[in-house]
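Below is one structure, written out as structure tokens; the observations come after it.
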Amino acid sequence: MVRTKRMALFVLTCVMLTSMVMSGCGSSSKDSNDSASKGGGTVTLKMIESLTSPERTEVLKKMLGEFEQQNPGIKVELISPPLQNADTKIATMLAAKEDLDVLEVRDITAKQFVTNKFIEDLKAYTSKWENYKTLNDSAKMSANYIDNTPYYIPYGLYQKILFYRKDFFDAKGLTPPATWQEVYEKGKALTDPAQNRYGYAYRGGAGGDNFTLMITQAFNADQINPDDSMFLKDGKTIFSTPESKQAMDLFTKIYQEASPKDSTNWAFSETVESFVSGVTAMLINDPDVIAVTKEKMKEGTWATAPIPLGPTGKAPRFVGAAGWGMTSYSKHKEEAWKLIEFLSNPDQNLVFAKAVGLIPIHTTAAEDEFFKKGAYQPFIDMNSKSDQYFMMRDATDYKGYGESKKIAVEDNQALILNQRSVDDVLKNWDKYWTDQKANQKK
Amino acid sequence: MKNTVKARKPVSSQSKFIFFCLLPAILMVGMFTFYPFFRGIGMAFQNYTLFDLTDIHFIGLDNFKTIFEQPQFLQALSNSFYWVFVSLIFQFVIGFILALLLKKPFKGRGVYQGFIFYSWAMSGFLIGIIWRWMLNGQIGVINDLLLKVGLIEERIGFLSDPKWSLASVIVANVWYGIAFFAIMLLAALQSIPDDLYESAGIDGANWFHKLFYVTIPYIMPTIIASTLLRVIWIFNFPDIIYAMTNGGPAGSTHILATYMMDKIMFGGDYGQAGAAGVIMIILLAMYTIFYLTATKSGKGADF
Numbered sequence: 023m024v025r026t027k028r029m030a031l032f033v034l035t036c037v038m039l040t041s042m043v044m045s046g047c048g049s050s051s052k053d054s055n056d057s058a059s060k061g062g063g064t065v066t067l068k069m070i071e072s073l074t075s076p077e078r079t080e081v082l083k084k085m086l087g088e089f090e091q092q093n094p095g096i097k098v099e100l101i102s103p104p105l106q107n108a109d110t111k112i113a114t115m116l117a118a119k120e121d122l123d124v125l126e127v128r129d130i131t132a133k134q135f136v137t138n139k140f141i142e143d144l145k146a147y148t149s150k151w152e153n154y155k156t157l158n159d160s161a162k163m164s165a166n167y168i169d170n171t172p173y174y175i176p177y178g179l180y181q182k183i184l185f186y187r188k189d190f191f192d193a194k195g196l197t198p199p200a201t202w203q204e205v206y207e208k209g210k211a212l213t214d215p216a217q218n219r220y221g222y223a224y225r226g227g228a229g230g231d232n233f234t235l236m237i238t239q240a241f242n243a244d245q246i247n248p249d250d251s252m253f254l255k256d257g258k259t260i261f262s263t264p265e266s267k268q269a270m271d272l273f274t275k276i277y278q279e280a281s282p283k284d285s286t287n288w289a290f291s292e293t294v295e296s297f298v299s300g301v302t303a304m305l306i307n308d309p310d311v312i313a314v315t316k317e318k319m320k321e322g323t324w325a326t327a328p329i330p331l332g333p334t335g336k337a338p339r340f341v342g343a344a345g346w347g348m349t350s351y352s353k354h355k356e357e358a359w360k361l362i363e364f365l366s367n368p369d370q371n372l373v374f375a376k377a378v379g380l381i382p383i384h385t386t387a388a389e390d391e392f393f394k395k396g397a398y399q400p401f402i403d404m405n406s407k408s409d410q411y412f413m414m415r416d417a418t419d420y421k422g423y424g425e426s427k428k429i430a431v432e433d434n435q436a437l438i439l440n441q442r443s444v445d446d447v448l449k450n451w452d453k454y455w456t457d458q459k460a461n462q463k464k
Numbered sequence: 136m137k138n139t140v141k142a143r144k145p146v147s148s149q150s151k152f153i154f155f156c157l158l159p160a161i162l163m164v165g166m167f168t169f170y171p172f173f174r175g176i177g178m179a180f181q182n183y184t185l186f187d188l189t190d191i192h193f194i195g196l197d198n199f200k201t202i203f204e205q206p207q208f209l210q211a212l213s214n215s216f217y218w219v220f221v222s223l224i225f226q227f228v229i230g231f232i233l234a235l236l237l238k239k240p241f242k243g244r245g246v247y248q249g250f251i252f253y254s255w256a257m258s259g260f261l262i263g264i265i266w267r268w269m270l271n272g273q274i275g276v277i278n279d280l281l282l283k284v285g286l287i288e289e290r291i292g293f294l295s296d297p298k299w300s301l302a303s304v305i306v307a308n309v310w311y312g313i314a315f316f317a318i319m320l321l322a323a324l325q326s327i328p329d330d331l332y333e334s335a336g337i338d339g340a341n342w343f344h345k346l347f348y349v350t351i352p353y354i355m356p357t358i359i360a361s362t363l364l365r366v367i368w369i370f371n372f373p374d375i376i377y378a379m380t381n382g383g384p385a386g387s388t389h390i391l392a393t394y395m396m397d398k399i400m401f402g403g404d405y406g407q408a409g410a411a412g413v414i415m416i417i418l419l420a421m422y423t424i425f426y427l428t429a430t431k432s433g434k435g436a437d438f
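So the protein lines, in turn, are chains A and B. Throughout, our numbering is defined as the position within the first sequence, counted from one, plus 22. Throughout, our numbering is defined as the position within the second sequence, counted from one, plus 135.
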């Protein structure tokens, strides 16, 4: 008896001590930060980034150094978690109300951060910001995507373009494809397994959901509800139409007849590697690949073109964005905005966009020579033809968005491996999104 | 009364001392092992998603129902079985053979041992990435070698063909785990006294008899402990699969551990991931109890 009692007491003590230590950690760090900011006169901002890479962090640190020089009263502490799981880490830190003032918000995390009241509405600041007017359409749309409220200022835009092997195309007397049908036909003409050469770098693995969506949207074009990219104007899902079936049939043929067999499970690095090494002749990807192709391929062997159109003569613009926002519980909101404003001004944004390989957010950047010619040309072309390349954004404001990406990849793999039929897969996606809509209204 | 109090005093101060010595370790283990463990079990019964943390509530067994209705979960369950036992058998057999070969001293044994144990020193993710490129269907070195030797005429999509993918990740895992058994079994083999073999030889035992009547019974406790541990480790080991195939193609290489990770990375659904974790705990607990009961008789031979 005595022994069990003592055990119980002991366990209780442990639990109490543990909780004391844990809560102690939290509060003490907050206190220390408070006293520092009030006493010393300098404010320390804590900032966290998400899409990290060693090169990008270096660029960012240089920019922060400049900011500190211009604002002697403010110091910035940058946290750079490894890319994998960075967003999960940020969400966990926010949930625990850890000290953070400025954070990287992505289009795919914005809704979650807003729902959980992690991030601040920036309207009070943007209304007074002189450079807000020069933000381009894509940047403005991305910033205001959730509830028509600016929750973050993008630092750049990701937008898909087509990379192609100019030398392969020239050798066969082909021109770059303008439509998905041509991607199939020309891809097939370029395919020669004996030489280990294929037409298209098919992305069957992680991230492949972007491409099934891109082609279905291109085929459905005007029927889609522009404010709700997974649904048609009549309220049904985009996967319910005969056009979607045609799109997925064509896309399956592109895999089966014009792509390496192995590409069922290819993700970013495999597709880029296959293109750079000359195994595949076409690749659709983001502008950050331009840096890789420039470095690894001879000039003149590759070029870029706008993304392929559907039979409608249209295609989604497929813009992604990420940017800087501030936490709702920040104690230094004025200073945090100063930093966001600094990072988002036209000069700094141009530096960042060039270094990382992004499309800048200000209209003034279109006059910069760097973006006017060569590989970046298609972006300018696509963005100036907004009737042909319509705006479309991922359905990130649905709870099941993250999981839908996984389901899209797995079902599509089963489809191209002939394990499941097109009808079956489309029915599954249709049901998934119908359920999402029904649950959202609740 | 007085006497008993006096007698107990030194004991209690001693136990206090022990308690305070243990305290840091207990706190650490409590904070980093038991707190997350119980929290995770709690989440399994909650609606707990990263998408909306303002709406966390108890939902009973709904998470379990949801995942049991998913064909991917059932496939992950059966894959886990193959993943664990096929990996284990090959790791054990090859590791045991290597340990037997390394037992006899020969020139350069130390260096050779170093090479064999090398794989155990690498991180699972690194191994996964290396094998992923080696097995790549287009530019992988393994396909290239097989083509040059003339064993195949067309490249095999080791990681892209569902017929091959599970076997491919198991091969990588076998390669990784051989070293563990080689190390453990070699240490055990070196503890067998030579006179046992001598007397067995006098009794007319051949090589085969010596192996099955002396060597294996003598190292039985090590075999039991190491296989038990290894099963648990392999079962909980998502690194290689995560880096090589991420569960694909079409879910054909998911095991429970990677399935659980997927739930968090894509869905941000801690509730369902917690439910998968609870199922894993139950399976492992059942396995451990069964295994220890079944091998009770083999508590080392009686010499």
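All C-beta atoms, glycine included, are put in the ideal place defined by N, C-alpha and C.
- Rounded C-beta distance between A:P199 and A:K188? I'm assuming under 8 Å. Actually they are not in contact, since the Cβ atoms of A:P199 and A:K188 sit about 13 Å apart, beyond 8 Å.
- Mapping DSSP to helix, strand and coil, what is A:Q441? coil
- Run of the alpha helix (DSSP H) containing B:M114, from where it starts to where it stops: Chain B is shown from 136 up to 438; residue 114 of chain B falls before or after that span and cannot be answered.
- Message: Any C-beta of chain A within less than 7 Å: which residues of the stretch 293–310 of chain B qualify?
- Response: L294, S295 and P297
- Item | Contacting positions in the stretch 180–204 of chain B - beta carbon closer than 8 Å to chain A | T184, L185, F186, D187, L188 and T189
- Item | Nearest-angstrom Cα separation, counted from A:V65 out to A:S57 | A caution first: A:S57 carries a pLDDT of 40, below 50, which makes its placement in the model unreliable, though a value can still be read off. Each residue's Cα considered, the two are about 10 Å apart.
- Item | Backbone secondary structure at A:D452 - three-state DSSP | helix
- Query: In angstroms, rounded to a whole number, what distance separates the CA positions of B:I264 and A:F392?
  - Reply: 36 Å
- Task: Report the three-state DSSP secondary structure of A:V127 (helix, strand or coil).
- Result: strand
- Message: Below 8 Å on the Cβ atoms is my contact criterion, and I expect A:Y186 with A:A303 to pass it. Report the Cβ-Cβ distance as a whole number of Å.
- Response: 6 Å
- Same chain only: Cβ atoms within 6 Å of B:K431, ignoring 5 sequence neighbours per side: none
- Task: Scan the stretch 264–290 of chain B for residues whose Cβ lies nearer than 8 Å to a Cβ of chain C and list them as they occur along the chain.
- Result: In the displayed structure, chain C is absent; the protein chains listed are A and B.
- Task: Please list the partners that B:A385 has in chain A, where partner means a Cβ-to-Cβ separation under 7 Å.
- Result: E432, Q435, A436, L439 and Q441
- Task: Under 8 Å between beta-carbons, which chain B residues line up against A:E2? List them in chain order, please.
- Result: Residue 2 of chain A cannot be examined here, being either before or after the span of chain A that is shown, 23 to 464.
- Query: How would you list, in chain order, the residues of chain B whose beta-carbon sits under 8 Å from the beta-carbon of A:Q134?
  - Reply: L185, F186, D187 and G403
- According to a CB-to-CB cut-off of less than 8 Å, which residues of the stretch 276–288 of chain A neighbour chain B? P282, K283, D284, S285, T286, N287 and W288
- Close-in-space but distant-in-sequence residues of the same chain around A:D271 (CB under 7 Å, 5 per side omitted): V444
- Item | Where B:E288 falls, given that 16 or more other Cβ within 10 Å makes a residue buried | exposed
- From the DSSP output, in three-state form, read off B:A317 for me. helix
- Message: Using only CA atoms, which one of A:N440, A:A430, A:E389 and A:V341 lies nearest to A:D479?
- Response: Residue 479 of chain A lies beyond the range of chain A shown here (23 to 464); nothing can be said about it.
- Taking any Cβ of chain B, which residues in the stretch 289–307 of chain A have a Cβ under 9 Å from it, in chain order? A289, E292, E295, S296, S299, V301 and T302
- Query: Which residue or residues does DSSP assign as beta-bridge partners of A:E99?
  - Reply: A:K68
- State buried or exposed for B:M136, treating a residue as buried only when at least 16 other CB atoms are found within 10 Å of its CB. Bear in mind that the predicted position of B:M136 carries a pLDDT of just 45, short of 50, making it too unreliable to give a figure here.
- Item | Of the listed residues A:K139, A:Y167, A:N93 and A:I101, nearest to A:D129 (C-alpha basis) | A:Y167
- Task: Using alpha carbons as the reference points, say which of A:F374, A:R442, A:T326 and A:A430 lies closest to A:K83.
- Result: A:F374
- Using a C-beta cutoff of 8 Å, does A:N450 count as contacting chain B? no
- Message: Please list, in chain order, the residues of the stretch 136–148 of chain A that have any C-beta partner in chain B closer than 8 Å.
- Response: T137, N138 and K139
- A:V24 classed as buried or exposed, judged by whether at least 16 other C-beta atoms fall within 10 angstroms: Caution applies to A:V24, whose pLDDT of 49 falls short of 50 and renders its modelled position unreliable; the model cannot decide the point.
- Output yes or no for whether 8 Å exceeds the beta carbon distance between B:A234 and B:A335. no
- Query: Residues in its own chain within less than 8 Å of A:D433 by CB, not counting five upstream and five downstream?
  - Reply: R442, V447, N450 and W451
- Among residues of its own chain, excluding the 5 on either side of B:N271, which ones have a beta-carbon nearer than 6 Å to its beta-carbon? none
- Go ahead and pull the three-state DSSP assignment for A:D446. helix
- Query: How should B:H192 be labelled, buried or exposed, when 16 other C-beta atoms within 10 angstroms of its C-beta is the threshold for buried?
  - Reply: exposed
- CA-to-CA distance, A:N93 to A:K52, given in whole angstroms: Residue confidence is low: A:K52 scores 40 on pLDDT, short of 50, so the model does not pin down where it sits. Its coordinate-derived value is still stated next. Those two C-alpha atoms are separated by around 23 Å.
- Item | Cα-Cα separation between A:N287 and B:G383, rounded to whole angstroms | 6 Å
- Task: Could you tell me which chain B residues have their CB closer than 8 Å to the CB of A:K20, listed as they occur along the chain?
- Result: Any answer about residue 20 of chain A is impossible in this case: the structure gives chain A only from 23 up to 464.
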